[in-house]
Amino acid sequence: MTRREREILRLIRDRGKVRVEDLVEHFGTTPQTIRKDLQRLEDAQQVLRFHGGATLHSGVEYMPFERRRQIATEAKVQIARAAASLIPANSSLFLNGGTTTEAIARELTDHVGLHMVVDNIDIANLLRRHPALNVVVPGGELRHSDGAVLGSTAVDFLRQFNMEFAFIGAVGVSDAGDLFDFDLRESQVARAMIQNARHSILVVDSSKFGVNAPVRVGTLDDIHTLVTDICPSEAVRAICASRNIRLIETGQGATIKRSA
124 MTRREREILR LIRDRGKVRV EDLVEHFGTT PQTIRKDLQR LEDAQQVLRF
174 HGGATLHSGV EYMPFERRRQ IATEAKVQIA RAAASLIPAN SSLFLNGGTT
224 TEAIARELTD HVGLHMVVDN IDIANLLRRH PALNVVVPGG ELRHSDGAVL
274 GSTAVDFLRQ FNMEFAFIGA VGVSDAGDLF DFDLRESQVA RAMIQNARHS
324 ILVVDSSKFG VNAPVRVGTL DDIHTLVTDI CPSEAVRAIC ASRNIRLIET
374 GQGATIKRSA
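Mapping to this note's numbering: the sequence shown position 106 is 229, numbers consecutive.
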């Protein structure tokens with residue numbers, strides 16, 4: 124592996140996703156050279172190419188939670204602040220597990236009177252220190268890698284609620300508006316939250332656009348608000364506009380349209 128390829132891989136790990144045009148500017152080289160680098164990295168099963176760029180190989184599903192926390196960290200903080208600001212005091216909400224929703228949990232600790240159902244014991248443990256928050260954790264199968272609570276028992280438990288809001292994450296968002304995940308059990312929990320909340324909020328950083336995974340969680344039709352740093356997909360923007368989905372972008376220059 125060349126020095127440039129190692130640097131490309133580092134950038135992808137930090138950002139979750141890179142585009143050829145950005146790498147050309149970063150390295151001061153040609154698009155053809157960058158494409159050859161990405162092809163070699165894909166052949167080595169280090170990255171997964173898409174039109175115009177590359178993201179982490181699908182093996183990211185096995186990436187430790189601590190490592191995922193380090194991807195797009197600043198973007199997640201900004202997304203979390205914007206998302207948390209949508210929640211008034213004395214509200215009820217579902218909080219799906221994930222690194223972005225964990226950041227939201229931290230931003231919600233200064234709220235009062237929230238009634239929360241959280242499908243992750245680590246996030247629940249973070250919230251339990253704040254007596255102004257009422258936190259409920261469903262029963263179910265515990266995923267040791269990240270503390271997620273999964274399975275049919277958790278899904279049945281969630282169906283008993285009628286919450287005002289649901290914060291949902293996703294591994295990928297396609298240009299067609301499909302939401303993807305790696306774990307069927309986790310996607311079932313997310314769907315139960317969406318179905319039993321009156322307002323569903325999708326929170327994803329820009330690295331998730333254009334990323335595919337084996338399990339379909341749902342579509343943007345299930346979502347009322349999308350919060351991201353920057354939405355690089357014009358197709359997703361069009362879906363949001365046509366379906367009356369509120370799109371909130373928090374990144375620098377987010378009001379500038381970018382092509383897919």
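Using N, Cα and C, we set each Cβ at its ideal position, and we do this for glycine too.
| Asked | Found |
| --- | --- |
| Among F305, A313, R314, V296, whose alpha-carbon lies nearest the alpha-carbon of I362? | V296 |
| Taking 8 Å as the cut-off, does the region 254-268 touch the region 222-240 (at least 3 CB pairs, one atom from each stretch)? | yes |
| Quick check on the DSSP output: the beta strand (DSSP E) that includes V170 runs from which residue to which? | 170-173 |
| Cutting at 8 Å between CB atoms, please list the residues of its own chain near R321, excluding the five before and the five after it. | N285, M286, E287, F288 |
| With a threshold of 7 Å on Cβ separation, who are the neighbours of V143 within its own chain once the five nearest residues in sequence on each side are excluded? | P154, I157, R158, G175, G176 |
| Rank A226, H234, K331, S208 by C-alpha distance to the C-alpha of F305 and give the top, closest one. | K331 |
| Between N243 and chain D, is any beta-carbon pair separated by less than 7 Å? | In summary, chain D is missing from the structure at hand, where a single protein chain is found. |
| Using DSSP's beta-bridge definition, name the partner residues of G176. | R142, F173 |
| Rounded to whole angstroms, what is the Cα-Cα separation between L216 and V141? | 33 Å |
| Quick one, which of G374, D298, Q311 has its alpha-carbon nearest V334's? | D298 |
| Would you identify the three-state DSSP class for L348, choosing helix, strand or coil? | A small correction: the amino acid at residue 348 is Thr; Leu does not occupy that position in the sequence shown. Strand at T348. |
| From A313 to L146, what does the alpha carbon distance come to, in whole angstroms? | 35 Å |
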